[in-house]
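Participant: From first to last, the protein sequence lines are chains L and Z.
For the first sequence, this note's numbering assigns the number 1 to the initial residue and increments by one for each residue that follows.
For the second sequence, this note's numbering assigns the number 1 to the initial residue and increments by one for each residue that follows.
Beta carbons are placed, not taken as given, at the ideal position from N, Cα and C, and that holds for glycine.
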Amino acid sequence: MAAIRTKPDPQIYTFPGFGTDKYPNLMLRGAGDLDNWHLKVYEQRHEGYVAMKAALKLEPVAVVEEMKASGIRGRGGAGFPCGLKWSFMPKDTPERKFTRYLVCNGDEGEPGTFKDRAILEYNPHQLIEGMIIGGWAMQCKLGFVYIRGEFLWLIEKLEAALQQARDAGYLGKNIMGTGWDYDILVYRGAGAYICGEETALLNSLEGRRGEPRVKPPFPAAKGAFGQPTTVNNVETLAAVPPILRMGGAEYAKLGTPKNTGTRIFGVSGHVKRPGLFELPLGTPMDFVVNELAGGSSTGRKIKAIIPGGASAPMFDEKDFDCPLDFDTVKARGSMAGSGGLICMDEDTCMVQATLRLIRFYAHESCGQCTPCREGCNWMEMVLYRIEHGQGRMEDLDLLASLTPRIGLRTLCPLGDAACGPMDSALQKFRHEFEHHITHKTCYATGSRLLSTVGAH
Amino acid sequence: MNHPLPPDTANEPMAPGLRLPESERKEFSPEALAEIQAIMAKFPDKLAATLPALHIAQREFGFVSLSAMKAVAKAIGIPEGHVFGVATFYTMYQKAPVGKFHFSVCTNISCALRGAAQLLEKVCEKTGVKPGQGPSADGLWSVEEVECLAGCGSGPCVQVNHDVYDEFVDEQKLIEVMEACKRGDYRPWAK
Numbered sequence: 001m002a003a004i005r006t007k008p009d010p011q012i013y014t015f016p017g018f019g020t021d022k023y024p025n026l027m028l029r030g031a032g033d034l035d036n037w038h039l040k041v042y043e044q045r046h047e048g049y050v051a052m053k054a055a056l057k058l059e060p061v062a063v064v065e066e067m068k069a070s071g072i073r074g075r076g077g078a079g080f081p082c083g084l085k086w087s088f089m090p091k092d093t094p095e096r097k098f099t100r101y102l103v104c105n106g107d108e109g110e111p112g113t114f115k116d117r118a119i120l121e122y123n124p125h126q127l128i129e130g131m132i133i134g135g136w137a138m139q140c141k142l143g144f145v146y147i148r149g150e151f152l153w154l155i156e157k158l159e160a161a162l163q164q165a166r167d168a169g170y171l172g173k174n175i176m177g178t179g180w181d182y183d184i185l186v187y188r189g190a191g192a193y194i195c196g197e198e199t200a201l202l203n204s205l206e207g208r209r210g211e212p213r214v215k216p217p218f219p220a221a222k223g224a225f226g227q228p229t230t231v232n233n234v235e236t237l238a239a240v241p242p243i244l245r246m247g248g249a250e251y252a253k254l255g256t257p258k259n260t261g262t263r264i265f266g267v268s269g270h271v272k273r274p275g276l277f278e279l280p281l282g283t284p285m286d287f288v289v290n291e292l293a294g295g296s297s298t299g300r301k302i303k304a305i306i307p308g309g310a311s312a313p314m315f316d317e318k319d320f321d322c323p324l325d326f327d328t329v330k331a332r333g334s335m336a337g338s339g340g341l342i343c344m345d346e347d348t349c350m351v352q353a354t355l356r357l358i359r360f361y362a363h364e365s366c367g368q369c370t371p372c373r374e375g376c377n378w379m380e381m382v383l384y385r386i387e388h389g390q391g392r393m394e395d396l397d398l399l400a401s402l403t404p405r406i407g408l409r410t411l412c413p414l415g416d417a418a419c420g421p422m423d424s425a426l427q428k429f430r431h432e433f434e435h436h437i438t439h440k441t442c443y444a445t446g447s448r449l450l451s452t453v454g455a456h
Numbered sequence: 001m002n003h004p005l006p007p008d009t010a011n012e013p014m015a016p017g018l019r020l021p022e023s024e025r026k027e028f029s030p031e032a033l034a035e036i037q038a039i040m041a042k043f044p045d046k047l048a049a050t051l052p053a054l055h056i057a058q059r060e061f062g063f064v065s066l067s068a069m070k071a072v073a074k075a076i077g078i079p080e081g082h083v084f085g086v087a088t089f090y091t092m093y094q095k096a097p098v099g100k101f102h103f104s105v106c107t108n109i110s111c112a113l114r115g116a117a118q119l120l121e122k123v124c125e126k127t128g129v130k131p132g133q134g135p136s137a138d139g140l141w142s143v144e145e146v147e148c149l150a151g152c153g154s155g156p157c158v159q160v161n162h163d164v165y166d167e168f169v170d171e172q173k174l175i176e177v178m179e180a181c182k183r184g185d186y187r188p189w190a191k
């Protein structure tokens, strides 16, 4: 076993008032404590495995009911109610026995999102505990944790933590005398953003190219290795032990009625204190950016914020007061996505920023569906032309005509994700694009976002 | 807008795999084979061992060459074409030799807002190689421009080989990282 990471990371995880009743610390417990991957430390300091022991005494259905009562919605991006998802798994009947799997999605690749990394770094046992509870609730045979390949040190850490759990009898045969066998396997990805999509992840887990599957059949009917499967985000599964500890009804009091609980918001870009902040859903965006993250780091006003990872349409100034929950953000024309806030100041050239984002989607498109594979490339080329002073006014209409031909015309949401930033930038910062075309130079004077030596 | 001409492939082999650089090594070591066997036994289907086996191949061969892909197919007992398809789909499998210290520089939006483009240029200047151009003359350095590394809050960030990220990297920090490489503070790329 390789040495476990000891280098502290410079990230900010806390703020005044964190850990009180108003801002409870549920998922970032142990953040900053590099010893927390030891089972003993987790059990002594953070009520470790208390929820698991309680859950194993309950009927599996009762655990699912508790999750439903908590109202927690998936933290990966789509915001689908987790308890409902768990209840979709087929139950054993006298005629038919199922082999069920639970998959944890740790393929954190969304630009602006860096929360799963913190959970794996500082709280791996809470994820394992959540996966054991989930496995019990759905009576799974195996759990898989799919982690992106770059996180090699985190994979080693999780493997070590899993071994401790096995030694303690929390995994393996006949867990805690219940007669239920369960184990968790770690799978290392190999650098494909598309594998964050659940069916692409399942293909990758089976050792294939990470291309999304046609739905239906949904994973709950036919998922990993052809068996019923539930895919949950790292953050969702890490929220399971606190829910069971405090009770679903109590958890539902956090946040807003239809958007319960806390989630980890990652703030990055032009802010003084970029970092991860665990907050109840519905916290206003300007409070997070100005109070917790310290406001603009450059002294200039913040011009645009992407509220939910790169795939979410941008917000301009008039929406900065938006409460960060799934429904309100959606009603205002964006999406809460994975909770990564990317802040851009006044001097950021939006043409460059959009080109950088679209280049990402053009690069990461798996190539299966033509609208996304070709469309993202065309958007990149047209934007490249505008950025390099060779744009024409009709290019803006061309860009606007491309997005409706990509969005909702692909198997997975990657095509839609590329349209979000494109459409919102054109809508809200059209004058910058026009300035680029007429003056052949940037409207804003900030530093370059695109490197001149890139492979592109 | 420049429209690049398609590469001249008249004198190159027809099969795309044969255009890839070849590695010196052709076979897995017995320990690696045992490791792959253990992975195959753990998962419900042996096909699932494809990705882990390619990671092992990259460690053993230095990069994923055509021989490495063939060795993986043979070790698992699956078609070579499947392994080729998987190896060329994922970007973390290097299909050409890389330096002893492989720098992955994230240039995505969050890092770019904090100077990743300038950092990438600095890395290229200091190491003397450009992204995707193979290792430097002394075989020490290679550079790759990668998409988001999930270090957005502490960007710009750089990953050396597959080690823990270096965060908030500026010119001073970059020099320190390169010194640390020479001292051997980072885990090696391959055996």
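Does S268/L have its Cβ less than 9 Å from a Cβ in chain Z?
Facilitator: By this cut-off, S268/L is an interface position.
Participant: Just list the residues that DSSP pairs G420/L with in beta bridges.
Facilitator: Paired residues: none, contrary to the question.
Participant: Quick one: give me the first and last residue of the alpha helix (DSSP H) that W153/L is part of.
Facilitator: Its alpha helix (DSSP H) spans residues 152-167.
Participant: If you compare alpha carbons, which of E346/L, D347/L, K318/L, I342/L is closest to G333/L?
Facilitator: Comparing Cα-Cα distances from G333/L to each of E346/L, D347/L, K318/L, I342/L, the minimum goes to K318/L.
Participant: Per DSSP, what are the beta-bridge partners of V271/L in this structure?
Facilitator: Per DSSP, S296/L.
Participant: Quick check: is the beta carbon of K115/Z nearer than 9 Å to any beta carbon in chain L?
Facilitator: The sequence shown places Gly at residue 115/Z, rather than the Lys named in the question. Judged by the 9 Å Cβ criterion, G115/Z is in contact with chain L.
Participant: Against chain Z, which members of the segment 243-264 of chain L pass a CB distance test of less than 8 Å?
Facilitator: The segment 243-264 of chain L vs chain Z, Cβ under 8 Å: nothing.
Participant: Any C-beta of chain L sitting closer than 9 Å to the C-beta of D138/Z?
Facilitator: It does not; no Cβ of chain L falls within 9 Å.
Participant: Can you tell me the Cα-Cα spacing of E95/L and Q352/L, whole angstroms?
Facilitator: E95/L and Q352/L: Cα-Cα distance of roughly 60 Å.
Participant: Just tell me which of A73/Z, A68/Z, M14/Z has its CA closest to the CA of M40/Z.
Facilitator: It is A73/Z.
Participant: May I have the straight-line CA-CA distance separating D116/L from E235/L, to the nearest angstrom?
Facilitator: Approximately 6 Å, taken between the alpha carbons.
Participant: In angstroms, rounded to a whole number, what distance separates the CA positions of C343/L and L244/L?
Facilitator: Near 35 Å, if we compare the C-alpha coordinates of L244/L and C343/L.
Participant: Closer than 7 Å, Cβ to any Cβ of chain L: which residues of the segment 101-113 of chain Z, in chain order?
Facilitator: Answer in chain order: T107, N108, I109, S110, A112, L113.
Participant: Can you list, in chain order, the residues of its chain whose CB lies under 6 Å from that of Y361/L, leaving out five sequence neighbours each side?
Facilitator: Closer than 6 Å at the Cβ level, and outside the excluded window around Y361/L, lie C376, A418.
Participant: Can you find the residues in the same chain that come closer than 7 Å, C-beta to C-beta, to A455/L, ignoring five residues on each side of it along the sequence?
Facilitator: Residue placement at A455/L is poorly supported in this model, since its pLDDT is 47, which falls under 50; the coordinates still yield a value, given next. Excluding positions up to five away in sequence, the list is empty.
Participant: For D327/L, collect the residues of the same chain with a Cβ closer than 7 Å to its Cβ; drop the 5 residues on either side in sequence, then sort them by chain order.
Facilitator: Excluding positions up to five away in sequence, the list reads K258, N259.
Participant: Can you list, in chain order, the residues of its chain with a C-beta nearer than 6 Å to that of R25/Z? Leave out the 5 residues immediately preceding and following it.
Facilitator: So the list reads F61, once near-sequence residues are dropped.
Participant: Residue range of the alpha helix (DSSP H) that W136/L falls in?
Facilitator: 124-137 is the extent of the alpha helix (DSSP H) around W136/L.
Participant: What are the boundary residues of the beta strand (DSSP E) that includes F101/Z?
Facilitator: Unbroken beta strand (DSSP E) run through F101/Z: 101-106.
Participant: For A304/L, which three-state DSSP category applies?
Facilitator: Three-state DSSP puts A304/L in a strand.
Participant: Comparing C-alpha positions only, which one of G77/L, P241/L, G248/L sits nearest to L26/L?
Facilitator: For the residues G77/L, P241/L, G248/L, the minimum Cα distance to L26/L belongs to P241/L.
Participant: I'd like to know if Y90/Z contacts chain L, where contact means its C-beta is closer than 9 Å to some C-beta of that chain.
Facilitator: Yes, Y90/Z lies at the interface with chain L (some Cβ there is under 9 Å from its Cβ).
Participant: Would you call E380/L buried or exposed, if buried means 16 or more other Cβ atoms sit within 10 Å of its Cβ?
Facilitator: Per the 10 Å Cβ criterion, buried.
Participant: To the nearest whole angstrom, what separates the beta carbons of D345/L and D321/L, a pair I think is in contact under 8 Å?
Facilitator: With a Cβ gap of about 18 Å, D345/L and D321/L do not count as contacting.
Participant: So, are the CB atoms of L205/L and A48/Z less than 9 Å apart?
Facilitator: Yes. Within cutoff.
Participant: Does the CB of C366/L have a neighbour CB from chain Z at under 9 Å?
Facilitator: C366/L counts as touching chain Z.
Participant: Count the other CB atoms within 10 Å of the CB of L18/Z; is the residue buried (16 or more) or exposed (fewer)?
Facilitator: Exposed, because fewer than 16 other Cβ atoms sit within 10 Å of the Cβ of L18/Z.
Participant: Are the beta-carbon atoms belonging to P313/L and S424/L less than 9 Å from one another?
Facilitator: Closer than 9 Å, so yes.
Participant: For the candidate residues V453/L, P216/L, Y182/L, whose alpha-carbon lies nearest to that of G169/L?
Facilitator: It is Y182/L whose Cα lies nearest to the Cα of G169/L.
Participant: What residues of chain Z sit near A192/L, judged by a beta carbon separation below 9 Å?
Facilitator: Those within 9 Å of A192/L in chain Z are F89, Y90, T91, M92.
Participant: Quick test of the definition: if touching needs 3 or more C-beta pairs under 8 Å, does the segment 271-283 of chain L touch the segment 291-304 of chain L?
Facilitator: At 8 Å Cβ cutoff, the stretches touch.
Participant: Tell me which residues share the same chain as M335/L and place their Cβ nearer than 7 Å to its Cβ, disregarding the 5 neighbours each side in the sequence.
Facilitator: Only G308, A312, V329 meet the Cβ criterion.
Participant: Taking a cut of 9 Å between CB atoms, which residues from the segment 199-211 of chain L lie near chain Z?
Facilitator: Those would be S204, L205, E206, G207, R208, R209, G210, E211, in chain order.
Participant: DSSP has L142/L in a bridge; who is on the other side?
Facilitator: Answer by DSSP bridge pairing, in chain order: Y101/L, D183/L.
Participant: Find out if the Cβ-Cβ distance for the pair L54/Z, L119/Z is shorter than 9 Å.
Facilitator: For L54/Z and L119/Z, no; Cβs fall outside 9 Å.
Participant: Among residues of its own chain, excluding the 5 on either side of G19/L, which ones have a beta-carbon nearer than 7 Å to its beta-carbon?
Facilitator: Contacts found: N25.
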